[in-house]
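If you're matching them up, the sequences are chains A and W in order. Convert by adding 49 to the 1-based position in the first sequence; the result is the number in our numbering. Convert by adding 49 to the 1-based position in the second sequence; the result is the number in our numbering. Idealized CB from N, CA, C, for every residue including glycine. In this text, all values refer to a predicted model and were calculated from it rather than measured experimentally. The structure appears right after this line, and notes come after that.
Number of protein chains: 2
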Amino acid sequence: MGFADSALQAVREKRSVVVVGLDPTLDRFPPSVQPKAPQPEAVSRALVDFCRGIIDATKAAAVAVKPQIAFFERWGPPGLEALAEVARCAKENRLLVILDAKRGDIGSTAEAYASAYLDDSGLGPWVDAITVNPYLGADSLEPFLRRARDRGKGIFVLVRTSNPSAAQLQERPLAEGMPLYEAVAELVRQWGEEAVEAGGYSNVGAVVGATAPEQLRRVREILPYHWLLLPGYGAQGAGPLDVVAGFDKNGAGVLVNASRSIIYAWENRQDVDPDGEGYAEAAQQAAEEMRSTIAEAAARSAPPV
Amino acid sequence: MGFADSALQAVREKRSVVVVGLDPTLDRFPPSVQPKAPQPEAVSRALVDFCRGIIDATKAAAVAVKPQIAFFERWGPPGLEALAEVARCAKENRLLVILDAKRGDIGSTAEAYASAYLDDSGLGPWVDAITVNPYLGADSLEPFLRRARDRGKGIFVLVRTSNPSAAQLQERPLAEGMPLYEAVAELVRQWGEEAVEAGGYSNVGAVVGATAPEQLRRVREILPYHWLLLPGYGAQGAGPLDVVAGFDKNGAGVLVNASRSIIYAWENRQDVDPDGEGYAEAAQQAAEEMRSTIAEAAARSAPPV
Chain A
50 MGFADSALQA
60 VREKRSVVVV
70 GLDPTLDRFP
80 PSVQPKAPQP
90 EAVSRALVDF
100 CRGIIDATKA
110 AAVAVKPQIA
120 FFERWGPPGL
130 EALAEVARCA
140 KENRLLVILD
150 AKRGDIGSTA
160 EAYASAYLDD
170 SGLGPWVDAI
180 TVNPYLGADS
190 LEPFLRRARD
200 RGKGIFVLVR
210 TSNPSAAQLQ
220 ERPLAEGMPL
230 YEAVAELVRQ
240 WGEEAVEAGG
250 YSNVGAVVGA
260 TAPEQLRRVR
270 EILPYHWLLL
280 PGYGAQGAGP
290 LDVVAGFDKN
300 GAGVLVNASR
310 SIIYAWENRQ
320 DVDPDGEGYA
330 EAAQQAAEEM
340 RSTIAEAAAR
350 SAPPV
Chain W
50 MGFADSALQA
60 VREKRSVVVV
70 GLDPTLDRFP
80 PSVQPKAPQP
90 EAVSRALVDF
100 CRGIIDATKA
110 AAVAVKPQIA
120 FFERWGPPGL
130 EALAEVARCA
140 KENRLLVILD
150 AKRGDIGSTA
160 EAYASAYLDD
170 SGLGPWVDAI
180 TVNPYLGADS
190 LEPFLRRARD
200 RGKGIFVLVR
210 TSNPSAAQLQ
220 ERPLAEGMPL
230 YEAVAELVRQ
240 WGEEAVEAGG
250 YSNVGAVVGA
260 TAPEQLRRVR
270 EILPYHWLLL
280 PGYGAQGAGP
290 LDVVAGFDKN
300 GAGVLVNASR
310 SIIYAWENRQ
320 DVDPDGEGYA
330 EAAQQAAEEM
340 RSTIAEAAAR
350 SAPPV
């Protein structure tokens with residue numbers, strides 16, 4: 050079973066679209082999980098411990114984790130070992146793993162990345178899907194798309210991102226009438242045509258910021274049977290009503306990521322738990338609250354049958 | 050002395066604009082440098098040995114090396130250690146190091162990348178410049194641009210890439226008249242304004258494929274005092290006349306990358322040297338020939354004084 054079907058099954062079984070973004074930064078770790086020493090090896094051990102706690106606490110409410118590779122890579126080789134361990138731990142806990150890498154490069158390099166992240170060696174066995182950047186065009190994505198077709202790997206193409214400057218290029222109006230991000234969404238539709246799984250969804254989807262609900266609605270029109278990965282929930286400002294615009298006619302097709310508002314939820318309780326011993330429990334509650342809040346908003350906005 | 054001045058000094062002293070792209074793949078390594086075992090540790094040792102040979106052989110003809118991070122990363126943590134060793138070796142041989150990473154991500158992640166590649170820890174001490182992707186807009190590049198302003202690091206923004214599909218998005222005509230890549234070049238001009246060094250060049254430059262000489266000419270008009278990094282020479286098909294379009298009015302401002310045509314030049318001599326013992330010498334000749342061919346083409350096309 051490839052990514053598209055696995056995601057559908059997980060969303061239905063858990064009645065959840067929650068993705069927990071793993072962006073571990075030491076300065077927001079609770080004192081109880083701080084590394085014993087500043088060396089990359091000790092830091093990497095702390096990253097693993099922290100993320101294991103989050104995974105174990107949120108595995109019931111969430112369908113996937115999205116480790117952001119930069120937060121591991123910055124610690125050098127031991128950081129990448131930590132990432133592999135975290136991804137394996139997530140898989141063992143039946144969470145999908147979406148590697149947030151945003152790669153985009155020319156043919157031979159794209160092949161190297163796709164191999165490193167999606168094949169049987171390295172991180173591949175623990176990674177279900179990956180994010181990619183479209184600026185270099187089709188040939189730069191072909192090694193990823195091939196693995197979506199042949200190996201059932203999930204590919205999320207950046208279409209309209211969640212950051213404040215996203216509109217600077219992505220919403221530039223093209224001479225043909227539409228803004229650039231819509232042209233990218235059209236390409237995603239073409240790229241995804243040959244990677245549709247049994248459940249009707251394609252393995253090729255799009256990243257669309259929940260911070261841009263109007264653009265999200267437009268992308269959903271262009272991509273009716275595609276998974277949309279929605280960052281921007283929580284700390285970046287988007288709420289449940291913003292993400293509902295992304296649901297497809299089956300009430301599925303979206304995965305909503307929150308990173309800091311879940312993994313650092315303990316910060317809101319620092320007055321009663323200054324050492325953050327309950328950081329995992331705080332994450333659990335934040336993830337469960339996000340799950341139920343979105344489910345309720347979706348139910349309220351569902352068309353009457 | 051920051052990147053822009055260092056590049057100017059190197060180009061003048063060596064009368065060269067050659068950048069040697071380090072894209073090491075085992076299947077093209079000469080038998081004499083093949084790893085002793087398939088494990089990442091042995092492979093990484095072979096990557097270092099191979100690249101050391103190339104660096105030592107090309108350090109007179111070239112001004113910089115451009116390691117492509119994917120070709121190291123694919124071997125996991127030992128691969129990244131190899132990259133650090135290769136970069137250090139290049140610096141010790143007075144070559145500039147341009148890390149080809151093509152990163153582009155939202156604020157907190159961009160900060161993590163910029164820190165990992167350009168600060169005093171990790172790869173930072175050995176990296177002079179880095180390539181970045183503009184699709185996410187200004188805030189995604191700010192952590193890099195800040196290090197261009199404050200620490201003299203070089204930033205090369207992808208403007209018009211050298212791959213076959215580059216035009217698919219980059220040459221889309223905008224409603225305002227120009228193609229997308231020109232709009233990106235205009236942004237690069239703004240971003241580079243506060244990072245101009247004593248020699249008159251900005252630390253913020255652009256990647257423009259030598260395979261697209263018309264677009265290169267246009268980018269040069271928009272970016273008159275900026276370093277342009279030109280991939281696509283050699284194996285990708287561009288020749289000396291193509292790159293000349295990128296030279297500025299001082300006959301400088303370009304860095305021309307060739308990867309496979311230099312580092313695998315030994316393949317053309319396999320009949321006389323089947324084990325590739327002379328791979329470094331072959332690279333030396335290829336780099337020197339590239340240096341002199343471009344210098345001659347530039348001299349012929351220089352405006353009469």
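With 16 other Cβ atoms within 10 Å as the buried cut-off, status of residue i
i                 : result
ASN252 of chain W : buried
SER308 of chain W : buried
MET339 of chain W : buried
LYS85 of chain W  : exposed
ASP72 of chain A  : buried
ASP199 of chain A : exposed
ARG266 of chain W : exposed
ASP76 of chain W  : exposed
ASN299 of chain A : exposed
SER23 of chain A  : This structure cannot speak to residue 23 of chain A, because chain A is shown only from 50 to 354.
ARG64 of chain W  : exposed
GLU122 of chain A : buried
VAL135 of chain A : buried
PRO323 of chain W : exposed
ARG196 of chain A : buried
GLU263 of chain A : exposed
VAL354 of chain W : Here VAL354 of chain W scores only 48 on pLDDT, less than 50, and its place in the model should not be relied on; the value that follows carries that caveat. It counts as exposed.
PRO80 of chain A  : exposed
ASN317 of chain W : exposed
ASP291 of chain W : buried
VAL321 of chain A : exposed
Neighbour list for residue i in chain W, Cβ cutoff strictly below 7 Å
i                 : result
THR210 of chain A : ILE155 and LEU185
VAL293 of chain A : Those within 7 Å of VAL293 of chain A in chain W number zero; the least Cβ separation is about 23 Å.
LYS151 of chain A : GLY153 and ASP154
For residue i, the three-state DSSP class (helix, strand or coil)
i                 : result
PRO79 of chain A  : coil
THR107 of chain A : helix
PHE296 of chain A : coil
LEU207 of chain A : strand
TYR162 of chain A : helix
VAL92 of chain W  : helix
ALA86 of chain W  : coil
VAL60 of chain W  : helix
ALA287 of chain A : strand
VAL354 of chain A : Interpretation of VAL354 of chain A is limited by its pLDDT of 48, a score under 50 that renders its predicted location unreliable; the figure taken from the coordinates is listed afterwards. In this structure, VAL354 of chain A counts as coil in the three-state DSSP scheme.
ALA329 of chain W : helix
ALA307 of chain A : strand
VAL112 of chain A : coil
GLY102 of chain A : helix
ILE155 of chain W : coil
ALA348 of chain W : helix
GLY416 of chain A : Shown here, chain A extends from 50 to 354; a query on residue 416 of chain A therefore has no answer.
VAL321 of chain W : coil
ALA178 of chain W : strand
Within chain A, partners of residue i - CB distance below 7 Å
i                 : result
GLN117 of chain W : THR158
GLN217 of chain W : GLY186 and ALA187
PHE120 of chain W : ALA161
Within chain A, partners of residue i - CB distance below 9 Å
i                : result
LYS85 of chain W : Residues of chain A passing the Cβ test: none, with the nearest at roughly 18 Å.
Beta-carbon neighbours of residue i, restricted to chain W and to distances below 8 Å
i                 : result
ARG238 of chain A : The premise fails here: ARG238 of chain A is roughly 14 Å from chain W at the closest Cβ pair, so nothing lies under 8 Å.
SER214 of chain A : LEU185, GLY186, ALA187, ASP188 and SER189
Listed by chain order, chain W residues near residue i by CB distance under 9 Å
i                 : result
PRO222 of chain A : LEU223, ALA224 and GLU225
Inset, instruction - Output, in sequence order along the chain, the residues in the stretch 165-186 of chain W whose CB is closer than 7 Å to any CB in chain A. - result: ALA165, GLY171, ASN182, PRO183, TYR184, LEU185 and GLY186
Legend entry - Short-range partners of chain A found in the stretch 122-147 of chain W, where Cβ spacing is below 9 Å: GLU122, ARG123, TRP124, GLY125, PRO126, PRO127, GLY128, LEU129, GLU130 and ALA133
Legend entry - Residue ranges of each alpha helix (DSSP H) within the stretch 117-150 of chain A, 4 or longer: Secondary structure in the stretch 117-150 of chain A: the alpha helix (DSSP H) runs of 4 residues or longer, each lying completely within the stretch, are 119-122 and 125-141 in chain order.
Inset, instruction - With 8 Å as the C-beta to C-beta threshold (strictly closer), list the residues of the stretch 60-77 of chain W near chain C in chain order. - result: Among the chains of the structure shown, chain C does not appear; the protein chains present are A and W.
Legend entry - Contacting positions in the stretch 192-210 of chain W - beta carbon closer than 9 Å to chain A: LEU207 and THR210
Legend entry - Completely contained beta strand (DSSP E) runs for the stretch 211-278 of chain A, where each covers 3 or more residues: 251-257
Inset, instruction - Quick one: which residues of the stretch 227-260 of chain A get their C-beta closer than 8 Å to a C-beta of chain W? List them in chain order. - result: Within the stretch 227-260 of chain A, the qualifying residues are LEU229, ALA232, VAL233 and LEU236.
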